[in-house]
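Participant: Residue numbers (full-length UniProt numbering): 1 to 199.
All C-beta atoms, glycine included, are put in the ideal place defined by N, C-alpha and C.
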DNA sequence: CGGCAGATGGGCT
DNA sequence: GCCCATCTGCCGC
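(1) Can you give me the C-alpha to C-alpha distance between residue 156 and residue 77, rounded to a whole angstrom?
(2) Cβ atoms of residue 24 and residue 100: under 8 Å apart, would you say?
(3) Counting only the same chain and skipping the five closest in sequence on each side, list residues whose C-beta sits under 6 Å from that of residue 164.
(4) Checking 8 Å against the spacing of the C-beta atoms, do residue 79 and residue 128 come in under that value?
(5) Under a Cβ-count criterion, where at least 16 other Cβ atoms within 10 Å of its own Cβ denotes burial, should residue 50 be classed as buried or exposed?
(6) Tell me the rounded alpha-carbon separation between residue 124 and residue 189.
(7) Where does residue 139 land, buried or exposed, given buried means 16+ other C-beta within 10 angstroms?
(8) Report back the beta-carbon spacing between residue 133 and residue 47 to the nearest angstrom; my notes put them in contact at under 8 Å.
(9) For residue 3, does the count of other Cβ atoms within 10 angstroms reach 16, so buried, or fall short, so exposed?
(10) Select from 34, 9 and 26 the residue whose C-alpha is nearest the C-alpha of residue 16.
(11) Please state the DSSP three-state secondary structure of residue 132.
(12) At which residue ranges does the segment 68 to 114 contain complete beta strand (DSSP E) runs of 3 or more residues, listed in the order of the chain?
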């Protein structure tokens, strides 16, 4: 191994077999890879558990949120405000509707494909929001329920670079449990959707 | 430049 | 009506 080459590890199913508030900060710095070469480094996540009034699973299983009740390590993709797709990774035990929303990421590879998908926007705005991230990566309804540990169209890997400094802060764009510090960002990363409030 | 009001839009309850 | 969002335009610093 050369000094600046990364060590890529495939995440195990067990990584996602824990509660979302544990998995969400640990996903920071991990990478999401698509089959066509597009890759992003995750810089912002939010945790949603079944007992959380802000979670889609709070009122039980429906056709829309079904994949969140399935086994961990799979995608939950939902259609937001009639316009955007948003990607989550299911976590927690099977049968417990929980997951981590992928809110923002840093483009790493396949930039030309991301720009084609997102249109004429600044580089920093390619993936700095959940809808933008999904659009840039080509994530839509077809990815719902697919495996992110391996074998699916998108895979989460640990492309280890440097350790990250994690900041926890309130989530964005919700109307219930608005103060819970379940949003996690990499400190001082320019690709987050909104800077966390200074503390 | 940042912040905010308004419009947009589909699927849920 | 409500909602885990985004874009545009308009303000004020």
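Facilitator: According to the data block:
(1) Residue mapping note: residue 156 aligns to position 156 of the first chain, counting from 1. Residue mapping note: residue 77 aligns to position 77 of the first chain, counting from 1. Each residue's alpha carbon lies about 15 Å from the other.
(2) In the first chain, counting from the first residue as 1, residue 100 sits at position 100. In the first chain, counting from the first residue as 1, residue 24 sits at position 24. In contact: residue 100 and residue 24 (Cβ atoms closer than 8 Å).
(3) What you label residue 164 is simply residue 164 of the first chain in a count that begins at 1. So the list reads 28, 29 and 186, once near-sequence residues are dropped.
(4) For the purposes of this step, residue 79 is taken as residue 79 along the first chain, with counting starting at 1. For the purposes of this step, residue 128 is taken as residue 128 along the first chain, with counting starting at 1. For residue 79 and residue 128, no; Cβs fall outside 8 Å.
(5) As a first step, residue 50 must be located in the first chain, where it is residue number 50. Buried, by the Cβ-count rule.
(6) Here residue 124 corresponds to residue number 124 of the first chain, with the count starting at 1. Here residue 189 corresponds to residue number 189 of the first chain, with the count starting at 1. Rounded to the nearest angstrom, the two C-alpha atoms are 11 Å apart.
(7) Within the first chain, residue 139 is the residue found at index 139, counting from 1. Buried: at least 16 other Cβ atoms inside 10 Å.
(8) What you label residue 133 is simply residue 133 of the first chain in a count that begins at 1. What you label residue 47 is simply residue 47 of the first chain in a count that begins at 1. In fact, because the Cβ distance is near 17 Å, the residues do not count as touching under 8 Å.
(9) Position 3 of the first chain, counting from 1, holds the residue named residue 3. Caution is warranted here: a pLDDT of 49 is assigned to residue 3, below 50, making its placement in the model unreliable, and no coordinate value can be reported.
(10) Numbered from 1 along the first chain, position 16 holds the residue referred to as residue 16. Out of 34, 9 and 26, 26 has the C-alpha closest to the C-alpha of residue 16.
(11) By one-based count along the first chain, residue 132 stands at place 132. Helix, per DSSP.
(12) 75 to 80, 84 to 90 and 99 to 109
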